[in-house]
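Heads up: the structure comes next, in structure tokens.
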């Protein structure tokens, strides 16, 4: 349903690309303010340029994405950058490699996309790339808005896997006025953030809706039960990118029906792009 698709894209920044997932993590990772504790403010301040570096580097990587299917099973895609915008090639189902015949079919589809993009007019190519870049810009603006939406509280330091992390809690800032419909959901959210004490990278992010939020522009209400978690891991040098993403969305559309959607995605085998497909 188109309306539902727009709601999910607008509120949760869903998309095939891991770049969009980097913006979904922003729901709590940049929810900081001068009103927060001094220690929490300093931790967040030092982490901001780290997040920016990850954000800027993300389009330079290709990777595998394994999506859990709602009815069970999974599909694994190779996420490629083809002439300036993403493309997904199916490489496995339920953890099993495709048959030789299906591999050939997927390769033909990729080659067809490459040929179409090679034969684009300058205007067509500019429009395609602009659409991709616009989605990144929109998500980045949403990320920046979060600096005004929350106050941050430092809970303490703990061990999380291999990392000593700062644990911070995000709470809505009283009086926050969202500038657009997409940011409205922030008024009803809380979250938790685990930041590596050495590198100031975000190791884990969790956010959840605690009260219903009416989204006028989408004629919808986001309800409690909406939540997401995202785990990041070191990819190369100082760059960390998503390793696992989980989202459950609960919304009521047009007062008529409730909708639930779920995503569960795992990312692996990141590598720097060396070939222009």
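In the working numbering, the protein residues as written are 10 to 286.
Each residue gets a CB set at the ideal place from its N, CA and C atoms; glycine is no exception.
Since we're looking at a predicted model, the values are computed, not measured.
In the DSSP assignment, residue 114 falls within the alpha helix (DSSP H) that extends over 109-127. Across the set 216, 181, 141, the C-alpha of 216 shows the shortest separation from the C-alpha of residue 257. Excluding the 5 residues flanking it on each side, residue 219 has same chain C-beta neighbours closer than 8 Å at 197, 198, 199, 233, in chain order. By the beta-carbon neighbour count (other beta carbons within 10 angstroms, threshold 16), residue 145 is buried. According to the DSSP secondary-structure assignment, residue 165 is paired through a beta bridge with 176. Straight-line measurement puts the Cα of residue 89 at about 14 Å from the Cα of residue 126. Counting other Cβ atoms within 10 Å of its Cβ, residue 251 reaches 16 or more and is therefore classed as buried. The count of Cβ pairs closer than 8 Å, one atom from the region 65-84 and one from the region 271-283, reaches three, so the stretches are in contact. In this structure, residue 150 sits away from residue 277, with a CB-CB distance that is not shorter than 9 Å.
Between the region 163-171 and the region 127-135, the count of C-beta pairs closer than 8 Å stays below three; the two stretches do not touch.
The Cβ neighbour count for residue 167, taken over all protein chains shown within 10 Å, is under 16; the residue is labelled exposed. Among the bridge pairs identified by DSSP, residue 98 is matched with 87. The beta carbons of residue 159 and residue 188 sit no closer together than 9 Å. Going by beta carbons, residue 202 and residue 161 fall inside the 9 Å limit.
Taking C-beta atoms as the reference points, residue 86 and residue 75 count as a pair closer than 9 Å. In the three-state reduction of the DSSP assignment, residue 221 falls in the coil class, being assigned neither a helical nor a strand state.
Restricting attention to 50, 62, 241, 237, the CA atom closest to the CA of residue 157 is found in 50. Ranked by Cα distance from residue 241, the first of 184, 52, 60, 54 is 60.
Secondary structure at residue 153: helix, using DSSP grouped into helix, strand and coil.
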